[in-house]
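What follows is a single structure, written as structure tokens, with notes after it.
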Amino acid sequence: MATVARPRVIIRMVSVRELEVASITDCNTTIEQAKFDEEFTEITADGRVVTSTFTKESESKMTKVQKHADLNTIVQYEVQGDELMTTVTAGCVTARAKFSRHIDRRSSQDTRIEDL
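Residue numbering for the sequence shown follows UniProt numbering, starting at 1 and increasing by one per position.
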């Protein structure tokens with residue numbers, strides 16, 4: 001029987017222009033470090049090598065564009081209160097996911113969302 005792994009998503013500002021996005025499941029962990037408005041190369045969860053760029057739209061919203069010869073993908077992240085809304089568009093398909101803020105009581109730090 002297959003199971004669905006809901007990822008933990010951690011978004012952390014390293015500096016004013018640099019961020020780290022971690023997606024953690026029982027099966028896989030990916031960590032991206034990037035600077036806003038600068039292209040970088042990454043390998044997607046499905047194995048594609050893409051050129052990506054993060055853009056900060058506002059204090060609560062950012063967009064990542066992944067460019068690939070076969071398929072471009074747009075990922076929008078938006079913090080709304082204690083929730084992170086994620087919208088992924090690949091071609092004509094759009095998926096949405098909502099993540100809730102989770103406080104690790106042992107360390108008093110967020111384990112789902114950190115400030116954008």
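Where is the CB? At the ideal position from N, CA and C, for every residue including glycine. On a predicted model such as this, the values are computed, not experimentally measured, just so you know.
Problem set entry | aspartate 115 - DSSP class collapsed to helix/strand/coil | Annotation note: pLDDT 40 at aspartate 115 (below 50); position unreliable, coordinate value reported separately. Coil.
Problem set entry | Boundaries of the beta strand (DSSP E) in which serine 52 is found, first to last residue | Looking at the DSSP string, the run of the beta strand (DSSP E) that includes serine 52 is 49–56.
Problem set entry | Backbone CA spacing between glutamate 83 and isoleucine 74 [nearest angstrom] | Cα-Cα distance, rounded: 20 Å.
Problem set entry | Residue from Lys64, Ser52, Thr87, Met62 whose Cα sits closest to the Cα of glutamate 39 | For the residues Lys64, Ser52, Thr87, Met62, the minimum Cα distance to glutamate 39 belongs to Ser52.
For this session: Report the three-state DSSP secondary structure of arginine 8 (helix, strand or coil).
Result: DSSP places arginine 8 within a strand segment (E or B) once states are collapsed to three.
Problem set entry | Distance CB(threonine 63)-CB(threonine 55) smaller than 8 Å | Cβ distance < 8 Å, so threonine 63 and threonine 55 count as in contact.
Exercise. Taking just the CA atoms, how far does arginine 101 sit from isoleucine 79?
Worked result: Per the sequence shown, residue 79 should be read as valine rather than isoleucine. Rounded to the nearest angstrom, the two C-alpha atoms are 10 Å apart.
For this session: Look at the Cβ atom of valine 50, then the Cβ atom of lysine 35, and state whether they are nearer than 8 Å.
Result: Lysine 35 sits away from valine 50, with the two beta carbons spaced by 8 Å or more.
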